[in-house]
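Student: Residue numbers (numbering that gives the first Met the number 0), protein chains in the order written: chain A, 0 to 195; chain B, 0 to 158.
Got a structure for you, questions after.
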Amino acid sequence: MTIAHVHGFEDDAPLKLADAEHELILRARSDPSALGLLYERHAPALLGYVYRRTGDPHITEDLVADVFVIVLKSLPGYRYRGVPIRYWLMRIATNVVNRWAKQRKKRPHVALDEAHASEVATRSTTGDVAEGARDEFLQRALLSLPPRYQAVLSLHHMEGLSVCETATIIGCREGTVRSRLWRAREALRTQLTKRS
Amino acid sequence: MQNHRDPVEDALASLGGRSWPRDYDNNPLKDRIMNEAQTKRTRSSWRQRPVLAATLALVLLGSAGFAAAGGIGMVKGWIISVELEGVDGTVAVDLEKIDIQTEGDTTTITVDSDDLIIEGDVKDGAKVTITATNDGGTIKTITDADGNVLKTTTVKGGQ
Numbered sequence: 000m001t002i003a004h005v006h007g008f009e010d011d012a013p014l015k016l017a018d019a020e021h022e023l024i025l026r027a028r029s030d031p032s033a034l035g036l037l038y039e040r041h042a043p044a045l046l047g048y049v050y051r052r053t054g055d056p057h058i059t060e061d062l063v064a065d066v067f068v069i070v071l072k073s074l075p076g077y078r079y080r081g082v083p084i085r086y087w088l089m090r091i092a093t094n095v096v097n098r099w100a101k102q103r104k105k106r107p108h109v110a111l112d113e114a115h116a117s118e119v120a121t122r123s124t125t126g127d128v129a130e131g132a133r134d135e136f137l138q139r140a141l142l143s144l145p146p147r148y149q150a151v152l153s154l155h156h157m158e159g160l161s162v163c164e165t166a167t168i169i170g171c172r173e174g175t176v177r178s179r180l181w182r183a184r185e186a187l188r189t190q191l192t193k194r195s
Numbered sequence: 000m001q002n003h004r005d006p007v008e009d010a011l012a013s014l015g016g017r018s019w020p021r022d023y024d025n026n027p028l029k030d031r032i033m034n035e036a037q038t039k040r041t042r043s044s045w046r047q048r049p050v051l052a053a054t055l056a057l058v059l060l061g062s063a064g065f066a067a068a069g070g071i072g073m074v075k076g077w078i079i080s081v082e083l084e085g086v087d088g089t090v091a092v093d094l095e096k097i098d099i100q101t102e103g104d105t106t107t108i109t110v111d112s113d114d115l116i117i118e119g120d121v122k123d124g125a126k127v128t129i130t131a132t133n134d135g136g137t138i139k140t141i142t143d144a145d146g147n148v149l150k151t152t153t154v155k156g157g158q
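Right, dumping it as C-alpha cells:
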C-alpha cells in the first residue's frame, strides 16, 4: 500500500507548482474558465501519454475525455496533498487506460483492428507504410502485456519519468516499480520474439 | 564490429518517440469536456460509470450503521481494508479521495460528504473483500469480479 509514499513526496519545485495549481483546482469547482485552463495546461501531456499507450487518436480522445470526467467528479472531494496536479491526472489517466486495456483484451479481434486501422490508413497515404507496420507491430506487442506492465513501461521508458515519480503515479513502492519494470521488459522481449 | 542493439530498448524508444498526431488545441475535445462539466451540474454522472454493487450496499448499510451508532455526524476517518486475490492493504480515509492499486487491480475509494463510495475493477474470476470500519461499526462485503455481492456482514460499534 502506497499512500504513505504519496504523502512523503518531497521536492520544492513541484510543491510550489502544486500550490499554485491547487488554487486552480479550487476555482475549477465553480468556475468553468478555471477548468478550461486546467485542460489547456495538462491536456497535451495527457494526450501524448494516452496516445503512446493506445496508438489510436480516436480512442485517446475518448479516454482523455473520461479522465476529465473523473476529475470533474472528484473536484468536490479533492484535497491538496502536496502532490503536483500533473501526477494526480497521470494517475487517473493510468487507471483509465488500464481499464480500457483490460476490457480490450476481452474482445481482441474487434479492438485490434479498430484501434489501428485509422492510423495505418493515414500512414499508407503518406507512403510511410513500413514505419506504420512496424509501429503497429510494436503497439500490438505492448498491448499484449498485462496493463500494469504497460503502465510502468510507458511511464518510465516512454514518458521519461523516474522510478520515484512512476511509483507516485501508480501508487506503489519504488521497489515494486523496479521489479515490475524488469518483468515487463522480459514480457515485452518474449512478445517481440514470438511475434517477429 | 557488429552492433548488438537490444530489441526491447529499440521498441520502447520507437513507441516513446511518437507524438500526438493532432492539434493540441483540440477545441472539439475541450468543448466536449466543458459540456460534460455543464451537464454534471444538473445530474449525477455515477450512472455512467461501471460501479460495483458493493457501492450501493456499502452506502446503504453504512448509513444504517451510523444512524444506529449515533448518526452521520460520527463519520470521521474510515479504515478501509481491501483484499484482492490474497493481496491486501489497509488505508485510513479521512473524508477525502484516495486511490489504491494492488498488483494492477484498481480500487478507488471516495468519501464524498457523509457517504462512503467504493468503486472496483478486479480481474476475471477474482474475488474482492472490502472491509470498512469506523466508530460506528464494521461493514464487510465480499463481491465477485462482476460486482455481485456474495456476502455482506454488518457489525455495529460496541458489539
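Even glycine gets a Cβ: it sits at the ideal position worked out from N, Cα and C.
Being a predicted model, the structure only gives us computed values, none of them experimental.
Helix, strand or coil, according to DSSP, for L160/A in the structure here?
Tutor: The residue labelled residue 160/A in the question sits at position 161 within the first sequence. Of the three classes helix, strand and coil, the one that applies to L160/A here is coil, per DSSP.
Student: Which residues in chain B sit within 8 Å of G131/A, going by Cβ to Cβ distance?
Tutor: Within the first sequence, the letter at position 132 stands for residue 131/A. None at all; the shortest Cβ gap to chain B is about 11 Å.
Student: According to DSSP, simplified to helix, strand and coil, what is L144/A?
Tutor: In the first sequence, residue 144/A corresponds to position 145, counting from 1. In the structure shown, L144/A sits in coil (DSSP, three-state: anything other than H, G, I, E or B).
Student: Give me the residue from R52/A, G54/A and K72/A with the minimum Cα distance to I32/B.
Tutor: For this step, residue 32/B is matched to residue 33 along the second sequence. The shortest C-alpha separation from I32/B is found at K72/A.
Student: DSSP state of P43/A, grouped into three classes?
Tutor: Locating residue 43/A in the first sequence gives position 44, where the first residue counts as 1. Note: P43/A maps to helix in three-state DSSP.
Student: Within 8 Å, do at least three Cβ pairs link the stretch 81 to 101 of chain A to the stretch 146 to 159 of chain A?
Tutor: Taking 8 Å as the limit for Cβ pairs, the verdict is that the stretch 81 to 101 of chain A does touch the stretch 146 to 159 of chain A.
Student: Under 7 Å Cβ-Cβ, which residues of chain B neighbour H156/A?
Tutor: Counting from 1 along the first sequence, the entry for residue 156/A is found at position 157. Neighbours of H156/A on chain B, chain order: L11 and G15.
Student: Are the stretch 175 to 195 of chain A and the stretch 12 to 21 of chain B touching, with three or more C-beta to C-beta distances below 8 Å?
Tutor: Segments in contact, no.
Student: In whole angstroms, give me the CA-to-CA distance for Y86/A and E39/A.
Tutor: In the first sequence, counting from the first residue as 1, residue 86/A sits at position 87. In the first sequence, counting from the first residue as 1, residue 39/A sits at position 40. Going by the C-alpha atoms only, they are around 16 Å apart.
Student: Can you tell me whether DSSP reads H3/B as helix, strand or coil?
Tutor: As a working mapping, residue 3/B is identified with position 4 in the second sequence. H3/B falls in the coil class under three-state DSSP.
Student: In chain A, which residues lie with their C-beta within 7 Å of the C-beta of R31/B?
Tutor: Translated into positions along the second sequence, residue 31/B becomes position 32. A64, listed in chain order.
Student: Taking the alpha-carbon positions, what's the L46/A to I84/A distance?
Tutor: Numbered from 1 along the first sequence, position 47 holds the residue referred to as residue 46/A. Numbered from 1 along the first sequence, position 85 holds the residue referred to as residue 84/A. L46/A and I84/A: Cα-Cα distance of roughly 16 Å.
Student: Does chain B have any CB closer than 8 Å to the CB of R139/A?
Tutor: Position 140 of the first sequence, counted from the first residue, corresponds to residue 139/A. Output row for R139/A: interface = no.
Student: Mind listing the chain A neighbours of R4/B? Cutoff is C-beta to C-beta under 9 Å, in chain order.
Tutor: Here residue 4/B is taken as the residue at index 5 of the second sequence, counted from 1. Simply none; closest approach about 12 Å.
Student: Within the stretch 16 to 96 of chain A, note down every full alpha helix (DSSP H) run reaching 4 residues or more, in order along the chain.
Tutor: Entirely contained in the stretch 16 to 96 of chain A, the alpha helix (DSSP H) runs reaching 4 residues are, in chain order, 31 to 53 and 56 to 73.
Student: Under the assumption that A42/A contacts A33/A (Cβ atoms under 8 Å), give the Cβ distance between them as a whole number of angstroms.
Tutor: To locate residue 42/A, count along the first sequence from 1; it is residue 43. To locate residue 33/A, count along the first sequence from 1; it is residue 34. Going by Cβ atoms, the distance from A42/A to A33/A rounds to 14 Å, so no, they are not a contact pair.
Student: Measure the alpha-carbon distance for N97/A versus R172/A and round it to whole angstroms.
Tutor: Here residue 97/A refers to the residue found at position 98 when the first sequence is read from its first residue. Here residue 172/A refers to the residue found at position 173 when the first sequence is read from its first residue. Distance between the alpha carbons of N97/A and R172/A is about 19 Å.
Student: What's the gap between the Cα of E158/A and the Cα of L180/A?
Tutor: If you number the first sequence from 1, residue 158/A lands on position 159. If you number the first sequence from 1, residue 180/A lands on position 181. Cα-Cα distance, rounded: 14 Å.
Student: How would you list, in chain order, the residues of chain B whose beta-carbon sits under 8 Å from the beta-carbon of G47/A?
Tutor: Numbered from 1 along the first sequence, position 48 holds the residue referred to as residue 47/A. Simply S18 and W19.
Student: Considering just the uninterrupted stretch of the alpha helix (DSSP H) at R177/A, what are its terminal residues?
Tutor: Along the first sequence, read from residue 1 onward, the residue named residue 177/A stands at position 178. Where R177/A is concerned, the enclosing alpha helix (DSSP H) stretches over E173 to R194.
Student: Output, in chain order, the set of chain B residues within a Cβ distance shorter than 8 Å of L160/A.
Tutor: Counted from its first residue, the first sequence places residue 160/A at position 161. Here the premise fails: no neighbours, minimum Cβ distance about 11 Å.
Student: Taking Cβ positions only, does A42/A come closer than 8 Å to chain B?
Tutor: As a first step, residue 42/A is located in the first sequence; it is residue number 43 there, counting from the start. Judged by the 8 Å Cβ criterion, A42/A is in contact with chain B.
Student: Classify T38/B: buried if its beta carbon has 16 or more other beta carbons within 10 angstroms, exposed otherwise.
Tutor: Here residue 38/B is taken as the residue at index 39 of the second sequence, counted from 1. Exposed.
Student: So what's D9/B in DSSP terms, helix, strand or just coil?
Tutor: Counting from 1 along the second sequence, the entry for residue 9/B is found at position 10. Of the three classes helix, strand and coil, the one that applies to D9/B here is helix, per DSSP.
Student: With DSSP run on the structure shown, which of helix, strand or coil describes S18/B?
Tutor: As a position in the second sequence, residue 18/B is number 19, starting the count at 1. Looking at S18/B - three-state DSSP - the assignment turns out to be coil, as it is neither helix nor strand.
Student: Pull out every residue of the stretch 92 to 105 of chain A whose Cβ sits closer than 7 Å to any Cβ of chain B, in chain order.
Tutor: Of all residues in the stretch 92 to 105 of chain A, N94, N97 and R98 have a Cβ within less than 7 Å of some Cβ in chain B.
Student: In three-state DSSP terms, what is D30/B?
Tutor: Stepping through the second sequence from its first residue, residue 30/B is reached at position 31. Correct three-state label for D30/B: helix.
Student: Cβ of M36/A within 8 Å of Cβ of L25/A?
Tutor: Taking the first sequence and counting its residues from 1, one reaches residue 36/A at position 37. Taking the first sequence and counting its residues from 1, one reaches residue 25/A at position 26. With the sequence shown as reference, residue 36/A is identified as Leu, and Met is not the correct amino acid for it. No, these two residues do not count as a Cβ contact at 8 Å.
Student: Measuring straight from C-alpha to C-alpha, what distance separates P56/A and V66/A?
Tutor: As a position in the first sequence, residue 56/A is number 57, starting the count at 1. As a position in the first sequence, residue 66/A is number 67, starting the count at 1. The straight-line gap from Cα to Cα measures roughly 15 Å.
Student: Between A166/A and T175/A, what straight-line distance do the alpha-carbon atoms span, to the nearest angstrom?
Tutor: Indexing the first sequence from 1 puts residue 166/A at position 167. Indexing the first sequence from 1 puts residue 175/A at position 176. Rounded to whole angstroms, A166/A to T175/A spans 8 Å at the Cα level.
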